[in-house]
Structure formats: structure tokens, C-alpha cells
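Trainee: The sequence shown begins at 1 in the working numbering and counts up one residue at a time. Beta carbons are placed, not taken as given, at the ideal position from N, Cα and C, and that holds for glycine. Pasting a structure here, questions to come.
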Amino acid sequence: MTVHPPQGATPGATGTAPLGRDGEIERILRCVRREPGTPGTLLLLGDEGIGRTTLLRHVRERAGAEGVRVLAAQGWAGDPRPASACLRQLLASSPAAAAGPPPAVPPGDGRPDEDDLPTALTALLDRLGADRPVLVCVDDADLCDHAFLETLFGAGRLLADRALTLLLGARHEAALPVPPPGTETLRLGPLDAAAAAALLDRLPLPPTGRHRLEILAEAAGNPLALVELGRAAPGPAQAVRHAPAEHVFGARLAALPAATGRALLYAAAAEPDESVAAVMAALGTADLAVWAPAEAAGLVVLAEDRLYFRHPLARSAAGLRRPAAERQRAHRDLAEVAARPEARARHLAAATVGTDGSVAAALEGAAWRRGDAVRAARDLEQAARLSPGRPQRARRLAAALTAAFAVGDPDWTRELYGRLVQEDADPELLCVAAGALASALSHESAQREAFELLTAASEHFPALDPTVALALATLAAGITARSGLPDHRATLPTLLDRVRRTSEGEAGEAGEGAERVGQGGGAAVGDVARPVQAEGPLAGLDSAGARRAMTALVGVVGRPETAPGVRAGLGRPRRAPLGGADAPVVRAVLAAVAHHADEADTDLGRSRTAGDRLRAARAFGLRGWSVVPHVDTLLAVGRFTEAGSVIEDARAEAAVLRLPGLTADLEAQALTLWALRGAPSPEPRLTPSVWRAVCLQENLATHARLLRARGLVAVLRGDMEDGWRHLRALFTADGSPLHPYLSPRGIAELAVTAQRTGRPAEALPVLERVGAALGDRPSTRMTLLLHHATALVGAEREAEQHYQLALVNHSANRWPWECAHARLSYAIWLRRSRRTREARAQLTTVLETAEHLGAGTLADAAHRELRASGAAPAPEGAGPLERLTAQQRQIVQLVAGGLSNREIGERLFLSPRTVGSHLYKVYPILGISSRHQLRDLVQGR
1 MTVHPPQGAT
11 PGATGTAPLG
21 RDGEIERILR
31 CVRREPGTPG
41 TLLLLGDEGI
51 GRTTLLRHVR
61 ERAGAEGVRV
71 LAAQGWAGDP
81 RPASACLRQL
91 LASSPAAAAG
101 PPPAVPPGDG
111 RPDEDDLPTA
121 LTALLDRLGA
131 DRPVLVCVDD
141 ADLCDHAFLE
151 TLFGAGRLLA
161 DRALTLLLGA
171 RHEAALPVPP
181 PGTETLRLGP
191 LDAAAAAALL
201 DRLPLPPTGR
211 HRLEILAEAA
221 GNPLALVELG
231 RAAPGPAQAV
241 RHAPAEHVFG
251 ARLAALPAAT
261 GRALLYAAAA
271 EPDESVAAVM
281 AALGTADLAV
291 WAPAEAAGLV
301 VLAEDRLYFR
311 HPLARSAAGL
321 RRPAAERQRA
331 HRDLAEVAAR
341 PEARARHLAA
351 ATVGTDGSVA
361 AALEGAAWRR
371 GDAVRAARDL
381 EQAARLSPGR
391 PQRARRLAAA
401 LTAAFAVGDP
411 DWTRELYGRL
421 VQEDADPELL
431 CVAAGALASA
441 LSHESAQREA
451 FELLTAASEH
461 FPALDPTVAL
471 ALATLAAGIT
481 ARSGLPDHRA
491 TLPTLLDRVR
501 RTSEGEAGEA
511 GEGAERVGQG
521 GGAAVGDVAR
531 PVQAEGPLAG
541 LDSAGARRAM
551 TALVGVVGRP
561 ETAPGVRAGL
571 GRPRRAPLGG
581 ADAPVVRAVL
591 AAVAHHADEA
601 DTDLGRSRTA
611 GDRLRAARAF
621 GLRGWSVVPH
631 VDTLLAVGRF
641 TEAGSVIEDA
651 RAEAAVLRLP
661 GLTADLEAQA
671 LTLWALRGAP
681 SPEPRLTPSV
691 WRAVCLQENL
701 ATHARLLRAR
711 GLVAVLRGDM
721 EDGWRHLRAL
731 FTADGSPLHP
741 YLSPRGIAEL
751 AVTAQRTGRP
761 AEALPVLERV
771 GAALGDRPST
781 RMTLLLHHAT
791 ALVGAEREAE
801 QHYQLALVNH
811 SANRWPWECA
821 HARLSYAIWL
831 RRSRRTREAR
841 AQLTTVLETA
851 EHLGAGTLAD
861 AAHRELRASG
871 AAPAPEGAGP
881 LERLTAQQRQ
891 IVQLVAGGLS
901 NREIGERLFL
911 SPRTVGSHLY
921 KVYPILGISS
931 RHQLRDLVQG
941 R
């Protein structure tokens, strides 16, 4: 029979929905309700421990609660009376079935008459389905008698007019008789990463840190494996632990020949990507027949020189049930034949008891060879354990801590930090450790504690490598950008000054002649720093480009008004070697500088590349610093589909690593995306446990994102008063921004709600304060937003001038959603000024932009305004021009009127090049090649 997770550890037994199965549950319940287009028979297939029985139990409970009559049975291979046993289970599972006339089921040990069984079962289901829907649920159907299943399928065909649903769960479809036509198969796959982590965390003593991540990787989303491996993981001294899965796979393994059992031990000890040839070389045999008994038992499969265990617990049991001496010997034999240095080092480390300096050095040298942060952190931690001397142990612990910081697991980071501070480590290692812990604290939302940790570490900056000191100051700037606290911003210049003094202490007048960055940005520091021996994603921080980028970021976070003067293109100069500005962390820093400077193209380009590389390295602790600003920019430029994908991916990783601070930001952004799209999908939920863990008073960036999201949702629902209330809270009572750069970016949306609620006078002081803080040269984006807001709440006689100033700069088209938003406001103003023809021209452009971006809210508003301006939809089949987009038709009409590209651009606030690009696309659609032909086509309609 199928083995299922313990009831106490697996959700679903008491009505709680199984984790990660919402889609499957809803699909099954639609069939049970017999909604249109759903099949009457559904097969639910899933491997051992995948949670099939738990899911079926939950579906039965839900169906029963909805008034469905539920009959249930379960197959058993050892039942001597399989057909009658299943039928008796169906009768016993429903009081209504037991109360009616009994079907032809013989008492005692008698065998049923196969001729009577179909009639009896069909009559039973017909009677039960006369007044209510019926669900027949059979688990482990592959172990049921074929005669029973064929009878059940036949009854389903005969009672097609009844609300009857047959739901069968099985491991393999091949073991079942042919189901009725139209049967749907639903395959139950592994849990996704977030659901797997949530299930693991529900255990009474859940694992933490490295063990937790290893279990999540080893279990591969199998619920039974998660429960068993989690219960066996190391924990508190008083915790009772046991070897996993012995009761599941022990009997199968014990029945194997000794040679096969030994072969499975070696296979379990091998690296996941080691070949069968390497394992067999370690075994000392070339005979593939050694694997045949394990293949026959369904434990392993051989394919393309690789051996795969069919179940995660099979691998675990194959290794752990053998004595420790045999496992040690297996690792030594595998080390002798390993082709890759990192595999050899790991096998030697696994076989070593006590300390061994040479193995520790080999493991340290191989840690980053595959570019995987999780594996590197684990190897470096192991190397520290094997180190005989305290200095080497402290250095390797610090390297492991840096890798764990890159991974982003706070528990693992804290554990390594606690071990490092107990060593007699030098100040630089302790400062690096403080930086790693501060990053973890920030991801968890503890911004004050994180910043204080770095401030204390800055006292040691004179003793540090200048690049290390600058990296810590840059980390402090990232924390400041999240906290938005004035005292944090005020401290950044002090930290940067300490970094500069560190550089000057090493090289005298290092600051003379250094490149200036931005307005008041200061010289790039650390240009003469000794090399930092960093590997993996942190490599490249000691390059000149990286130091310039870090200096610039600290400067713009400390003084946001200098951001427009910063040149975001601080990357690799021509013919410069790779590894400096091309390193992923350096690209992320450059993206952050571009983000503050409103350089969207640079921001997105750098963020995408850095994100892809850090994702491949499993370094979400580093990627987490750039992913939220990256989504901010995607939302601002209207790349909603990409933003949704990034949010979904990052939320899963943040959930696995238990990072409430990042999760809160991503949930607020998901709500913003939903409001901008105006999508019919359900409104994203804010997880209460996440928001209870986040103190908004020290996470002002998160607070600002949440306020904007709720304001946009209120506007979407037509509640302008609530929208005003939330958007006004982006600024303090005296008009100061709640967050130094996120709040000003919401000024136009605030002005819209102010105008709609009759509060222009209240919004105007806020607008004036924002404008004054940005100075004489705000970014192109902020210029657009300021003019848009001023047109809405400023003097009426100057409104049109500000609308035109907002739209005249073609560079602002890099922010298409915000341009279209301003254009919509302008169109409303034109319509109310009785200039409906001009209003329709603007609205046509708004509608095309909104439809292109998928901005449903904006498109709906444009449609409403078009109707209000007297525009009517074009009749169907009106002519070839109807194949064009709205803006293309508008341009075609103006061309037919004799206007040049420049004149059309001035009228529509487009560049002549954009007008020409539209015409280039229009000509082949219409089958013409010149403006004269276009004029003839339009006039001939």
C-alpha cells in the first residue's frame, strides 16, 4: 500500500487545506460540483508520500460540507476478497447507502457473483444520486480488484445523467483498467519551494539553518520526505530524533542482495552529478547487474550514465542504515576515483574524523568552484571544522559566514556569527561578520539593529582593508534606503569619511585627483586598496569601477537631491577586463545608483543581469538587495508581466528563507501591480504573520510602498477619499516626505486624488516642498511628475502649460505609464474645456499605451473619457484602417491631412522618429508604400 505522512505532521486531516495544493483541490471540486466542461471521472496520480491520500481526504471533507454524498474505499493488495471488500467500504462510508436496500454482496467469506455486482453497484449509485450529487472516492485504486473498478466505470457511463463523480487515486495509471471516455488525469507533483518550506516549519521541532536548506533540497518537494527528514535532523539536545524512513524503505532494502545494498550505499554517498561509471569504479566492479535487484524493487533507475533514486527517502535510507565505518569507506573509495577536485575534497571531508589541515585547505579551495553559494557555505563551514589552528578556523568561518550571507538564511548566518565571535579573530574578520549579520537583520526588517551593528563596526575602519570598509558603508547605505530614517542618512557621510581616512592611511594623499562622482559626490575611495580575496558573487568589489559605484551609492542615499547629477554609467570602460564592473554584485550596485538617479534603462539592464547570475548562484541574500527596487522600476515603466514574474519568484525565495521584510515589500508591490492592471484576478492577500513581524516605523520604504498600494486600490474601487487618505500619508503633516525618494514619486497620484476630492489647496504645499527638495535640476521622470501634479492642483490658468511641459520631453517616454497618466489628466482637462477633438486625440494615445502595457485601470479610464467626449466605436468591417492600432489610425489621419512627421509629433507629443516608426509599420499592413497612396486610401473610404 501507499505510505502516507504521519497524521500529526501533515495538514489536511482536520479540514485545513494541504499546503501548496489549492489548484488541484479547486480542479477536483469543480468536477464534484459537475460544473460545465468537467469530466465525470478523474484520476489522481502521485508517487509514494506525495500527499495523495491527504488531498483526497480533504476533498471528501469539503464535498461533504457542500452537501455531496461521499462514498469512499481504499485498495489493499493483501485483501483476500478485493471486490466485495471495496464494495463493503463504500457501503460503510455513507449512512444513506447503508440505510437503503442492500446490494448483492454475500455475507462472510463468500465470493460475490460477478454478474450481480454491476447491477447492485449501479442500482446503489442511482438511488443515492436521485436527489443529491454523489462522489465516489477510491484511494490506492491500483491495488483494487479490476472487476470492481470496471463495474464502477460502467456505472459511471450508465448514470451519465446523474450528478455522479468518480475520483480514483493511484500511483500508476498502467495498473488500472481502461477508464471511461473523457476521463481526466491529474498528476500530483512535488510541492513548490514555498509550500515545502511551510510544511517543514510546521513540525514540532523544525530544523533551522543549513540543515533546513539541505532537507528542502534533498526532499525535492515530497511531503513524506520533508516530514521524515525533518524529524531526523539535528536539533536541541533534549529532542528525540530517529533515523528517517526505516519503516518505509527498510524492508525493501533489507531484502536486497548484499552486493546491491553496498552499491546503493556508494550511490547514496556519491555527489548528485557523479556518473554511474565513477560509482562503479569506487565499488571495484563493472557489472551493471549489481543494480538489477534495486531496479526491480523500484528503488533506483539508471539512465544515460546516471543513477537516480526514485524517492528521496530511498537515498537517505540506503546510506543511513549502513554502519558509519562502511559510509566512511565509501567516501574514501569515491574520493580515489573522483575526477573533479571539489568532489574529491568533499568525499575526503566526509570521511575525516577530527581535524585535517590538508583536507580543510582542499575543501576551501574547491568551495566556489561550481559558483553555488549554498554549497560553498557548507564546504567552508566544513573546512573550518577540519582546521587544526584557530587563525585558519576563524578565517574559514568568516568565509563561510560571507557565503551564508550571500545565501540569505538568517538562522545559518546567526549560527556562524556566534561561532566566529568566540574565536580570537582579527578586527577585519569581525567587521565582515558584522556586515553579514546586518544584511540578515535588514532582510528580516530589523533596520535599526542592523545599522547600529555597522556603525559600531565602523570604529574599526582604520584597521580594515579600504575596500572592505567601503563595502560595509555601502551596506549601511542599503539599510538606510530601506529604513528611510533621517538619523541613518545623517550618519552616512561620517561612515564615508572614515572610509576615506582608511584609504589615506594606506596611501597618503589617495584622494587627490580622484574622479568626482555627481554633485557633491566626493572622490571614489579605496583606489589603492590591497586586493580583496573574495570569490563567488562577491568577487570584483576591489576593482576601481566597483569602488566608484559604491562611493556614488553612499552619496546619493545620504543626499537624495544629488541623484540626478550622478552618472549611472559607472560600469566597465572599453577594453577593461571582465570581473570588475561585470561581477554580479557590482552590477547590482550600479543598478541601485541608476535607480536613485531615475535612469530606468541602465537600472533594468544591470538588475536583470545581476539577478540572473545571483539566481544561478542561489545567492538570494545578495539578490534580495536589488529585487525590490528592480520591481519598482518595472512597475514604473509599465512592464507589468515581467514585474509579476519577478515578484512571484522572489516571494517564493523569501518564503523559503523566512525573510519577512522582503516578503512585506513584495506583497505591497503585488498589490500595486494588481491595482495598476485592474485585473479580474483575486486581490492579493497581505499575510498577517508577515506584517506583524515588520515594524513600519523603521521600514519607511515598506510603509511607503504599502500606502501607495492601498491608495491605488482605493482609486481603482472609486473611493477617492480613501485614496487621498493613503497617498497623503506618504508625506508628514508639514509636507515632508515619509521616505526621501519613494514618497516624491507618488506626488502625481496624490494630486489626482486631491483634485477629485476638492483638496488642491491641501496638496499644493506638499508639491511645493517636494519641488524645493529636488532643486533646480530634477530627473526627467520627476520633472514629468512635478508638472503633472502642478497642472492638477496649481493655478488653473497655467494648467495647460504644465501639461505640455510634462509631455514635451521625449525622454520621458521611458516612463510610458506615467506619461500616459499625465496625458489622461490632460485629456480630461481638454474635454472639460470643451476641446473634445483635442481630448480624443490624447485619449487615443492613452488607450493605445494602456492596452500595450496591460494597464487595465488606465485603459478603462480612457474608454470612459472617450465616451464622455462623444467618441463612438468604429463599425465592424469599416475598412483596412481598422486593422491599425488607435494611435496608428490617428497618425494616418494626420498624414492624410498633409502634416509632416515633425508637425504630427508636436501635436501628439511624440518624436518625429516615433512617428516615422509608426508609418514604417503601417505601410505593409495597408499594402501601400507612400504618403500619396495613404492619402488616397483615407479619402476613398
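Among 667, 592, 153, which one has its Cα closest to the Cα of residue 741?
Mentor: In the sequence shown, residue 741 corresponds to position 741, counting from 1. Nearest C-alpha to residue 741: 592.
Trainee: Does the distance from the CB of residue 635 to the CB of residue 669 come in under 9 Å?
Mentor: On the sequence shown, position 635 is the one that residue 635 refers to. On the sequence shown, position 669 is the one that residue 669 refers to. Yes, these two residues count as a Cβ contact at 9 Å.
Trainee: Given a cut-off of 9 Å on the beta-carbon distance, is the pair residue 585 and residue 477 in contact?
Mentor: The residue you call residue 585 lines up with position 585 of the sequence shown. The residue you call residue 477 lines up with position 477 of the sequence shown. No.
Trainee: Using C-beta distances below 7 Å, list every residue in its chain close to residue 808, excluding the 5 sequence neighbours before and after it, in chain order.
Mentor: Position 808 of the sequence shown holds residue 808. Hits under 7 Å: 909.
Trainee: Excluding five sequence neighbours on each side, which residues of the same chain lie with their C-beta closer than 8 Å to the C-beta of residue 928?
Mentor: By one-based count along the sequence shown, residue 928 stands at place 928. Same-chain partners within the cutoff: 934, 937.
Trainee: Near residue 498, what residues of its chain come up, given a Cβ to Cβ distance below 6 Å and the 5 sequence neighbours on each side ignored?
Mentor: Numbered from its first residue, the sequence shown carries residue 498 at position 498. Cβ neighbours of residue 498 beyond the five flanking positions: 458, 461.
Trainee: Answer with buried or exposed for residue 409, where buried requires no fewer than 16 other C-beta atoms within 10 angstroms of its C-beta.
Mentor: Looking up residue 409 in the sequence shown gives position 409. The residue is buried, with at least 16 neighbouring Cβ atoms inside 10 Å.
Trainee: May I ask you to list the residues that DSSP assigns as paired with residue 416?
Mentor: Position 416 of the sequence shown, counted from the start, is the residue given in the question as residue 416. DSSP lists no partner for residue 416.
Trainee: Kindly provide the ranges of any alpha helix (DSSP H) runs that are 4 or more residues long and lie completely inside the segment 348–377, ordered along the chain.
Mentor: Those alpha helix (DSSP H) runs which fall completely within the segment 348–377 and span 4+ residues are 357–366.
Trainee: Please report how far the alpha carbon of residue 548 lies from the alpha carbon of residue 554, in whole angstroms.
Mentor: Within the sequence shown, numbered from 1, the residue matching residue 548 stands at position 548. Within the sequence shown, numbered from 1, the residue matching residue 554 stands at position 554. Between residue 548 and residue 554, the C-alpha separation is close to 10 Å.
Trainee: The alpha helix (DSSP H) with residue 663 in it runs from where to where?
Mentor: As a first step, residue 663 must be located in the sequence shown, where it is residue number 663. Unbroken alpha helix (DSSP H) run through residue 663: 660–677.
Trainee: Alpha carbons only, please: which of 357, 412, 623 is nearest the one belonging to residue 969?
Mentor: Not covered by the structure: residue 969. The range shown for the chain is 1 to 941.
Trainee: Can you look up residue 276 in the DSSP assignment and give me helix, strand or coil?
Mentor: Reading the sequence shown from its first residue, position 276 is the one you call residue 276. Note: residue 276 maps to helix in three-state DSSP.
Trainee: Going straight from the alpha carbon of residue 869 to that of residue 494, what length do you get?
Mentor: Here residue 869 refers to the residue found at position 869 when the sequence shown is read from its first residue. Here residue 494 refers to the residue found at position 494 when the sequence shown is read from its first residue. About 58 Å.
Trainee: Assuming residue 74 contacts residue 140 under a Cβ cut-off of 8 Å, what Cβ separation, rounded to an integer in Å, is found between them?
Mentor: To locate residue 74, count along the sequence shown from 1; it is residue 74. To locate residue 140, count along the sequence shown from 1; it is residue 140. Yes, residue 74 and residue 140 are in contact; Cβ-Cβ is about 5 Å, under 8 Å.
Trainee: Pull up the distance between the alpha-carbon of residue 596 and that of residue 561, whole angstroms please.
Mentor: As a working note, residue 596 is residue 596 in the sequence shown. As a working note, residue 561 is residue 561 in the sequence shown. For residue 596 and residue 561, the distance between alpha carbons rounds to 10 Å.
Trainee: Can you name the residues that DSSP bridges to residue 74?
Mentor: Against the sequence shown, residue 74 aligns to sequence position 74. Answer is 139.
Trainee: What are the start and end residues of each continuous alpha helix (DSSP H) run of 4 or more residues lying completely inside the segment 677–724, in chain order?
Mentor: Fully enclosed alpha helix (DSSP H) runs of 4 or longer: 688–692, 700–716.
Trainee: Quick one: what's got a C-beta closer than 7 Å to residue 860's C-beta in the same chain, skipping five residues either side?
Mentor: Residue mapping note: residue 860 aligns to position 860 of the sequence shown, counting from 1. So the list reads 678, once near-sequence residues are dropped.
Trainee: Could you give the distance in angstroms between the alpha-carbon of residue 914 and the alpha-carbon of residue 420?
Mentor: Here residue 914 corresponds to residue number 914 of the sequence shown, with the count starting at 1. Here residue 420 corresponds to residue number 420 of the sequence shown, with the count starting at 1. Going by the C-alpha atoms only, they are around 59 Å apart.
Trainee: Can you tell me whether residue 734 is buried or exposed? The criterion is at least 16 other CB atoms within 10 Å of its CB, across all chains shown.
Mentor: Taking the first residue of the sequence shown as 1, we reach residue 734 at position 734. Exposed: under 16 other Cβ atoms inside 10 Å.
Trainee: Between 688, 779, 675, 691, which lies nearest to residue 948 when the distance is taken from Cα to Cα?
Mentor: Look at the range of the chain in this structure, 1 to 941, and you will see that residue 948 is not part of it.
Trainee: Considering only the beta carbon of each residue, do residue 948 and residue 836 sit closer than 9 Å?
Mentor: Given a span of 1 to 941 for the chain in the structure shown, any question on residue 948 remains unanswerable.
Trainee: Along the chain, where does the beta strand (DSSP E) containing residue 42 start, and where does it finish?
Mentor: Working through the sequence shown from its first residue, we reach residue 42 at position 42. Here the beta strand (DSSP E) through residue 42 covers 41–45.
Trainee: In the structure shown, what three-state DSSP assignment does residue 284 receive?
Mentor: For the purposes of this step, residue 284 is taken as residue 284 along the sequence shown, with counting starting at 1. DSSP places residue 284 in coil when its eight states are reduced to three.
Trainee: Excluding five sequence neighbours on each side, which residues of the same chain lie with their C-beta closer than 8 Å to the C-beta of residue 921?
Mentor: In the sequence shown, counting from the first residue as 1, residue 921 sits at position 921. Closer than 8 Å at Cβ, skipping near neighbours: 888.
Trainee: Look at the alpha carbon of residue 487 and the alpha carbon of residue 745, and state the distance between them as a whole number of angstroms.
Mentor: Indexing the sequence shown from 1 puts residue 487 at position 487. Indexing the sequence shown from 1 puts residue 745 at position 745. In a straight line, the C-alpha of residue 487 is about 22 Å away from that of residue 745.
Trainee: Assuming residue 180 and residue 41 are in contact, meaning their beta carbons sit under 8 Å apart, how far apart are those beta carbons, in whole angstroms?
Mentor: As a first step, residue 180 is located in the sequence shown; it is residue number 180 there, counting from the start. As a first step, residue 41 is located in the sequence shown; it is residue number 41 there, counting from the start. Residue 180 to residue 41, Cβ: 5 Å. Contact.
Trainee: Reducing DSSP to helix, strand and coil, say where residue 304 ends up.
Mentor: Looking up residue 304 in the sequence shown gives position 304. In the structure shown, residue 304 sits in coil (DSSP, three-state: anything other than H, G, I, E or B).
Trainee: In its own chain, which residues sit with a C-beta less than 8 Å from the C-beta of residue 907, not counting the 5 before and 5 after it?
Mentor: In the sequence shown, the residue the question calls residue 907 occupies position 907. Around residue 907: 841, 894, 899.
Trainee: Classify residue 826 as buried or exposed, calling it buried when 16 or more other Cβ atoms lie within 10 Å of its own Cβ.
Mentor: Mapped onto the sequence shown, residue 826 falls at position 826. Classification of residue 826: buried, given that the 10 Å Cβ count is 16 or more.
Trainee: What does the Cβ neighbour count give for residue 185, buried or exposed, with the cut at 16 atoms within 10 Å?
Mentor: Translated into the one-based positions of the sequence shown, residue 185 becomes position 185. It is exposed - the Cβ of residue 185 has fewer than 16 other Cβ atoms within 10 Å.
Trainee: For residue 489, which option in 467, 766, 468, 447 has the closest C-alpha, if you only look at C-alpha atoms?
Mentor: For the purposes of this step, residue 489 is identified with residue 489 of the sequence shown, where counting begins at 1. Cα-wise, what sits closest to residue 489 is 447.
Trainee: Just the Cα atoms here: how many angstroms apart are residue 916 and residue 633?
Mentor: Reading the sequence shown from its first residue, position 916 is the one you call residue 916. Reading the sequence shown from its first residue, position 633 is the one you call residue 633. Residue 916 and residue 633: Cα-Cα distance of roughly 28 Å.
Trainee: So residue 606 packs on residue 622, CB below 8 Å; how close in whole Å?
Mentor: Locating residue 606 in the sequence shown gives position 606, where the first residue counts as 1. Locating residue 622 in the sequence shown gives position 622, where the first residue counts as 1. Not really, about 14 Å apart at Cβ, beyond 8 Å.
Trainee: Taking the beta carbon of residue 626 as the centre, do at least 16 other beta carbons fall within 10 Å, making it buried, or is it exposed?
Mentor: Residue 626 sits at position 626 when you count from the first residue of the sequence shown. Buried, since its Cβ has 16 or more Cβ neighbours within 10 Å.
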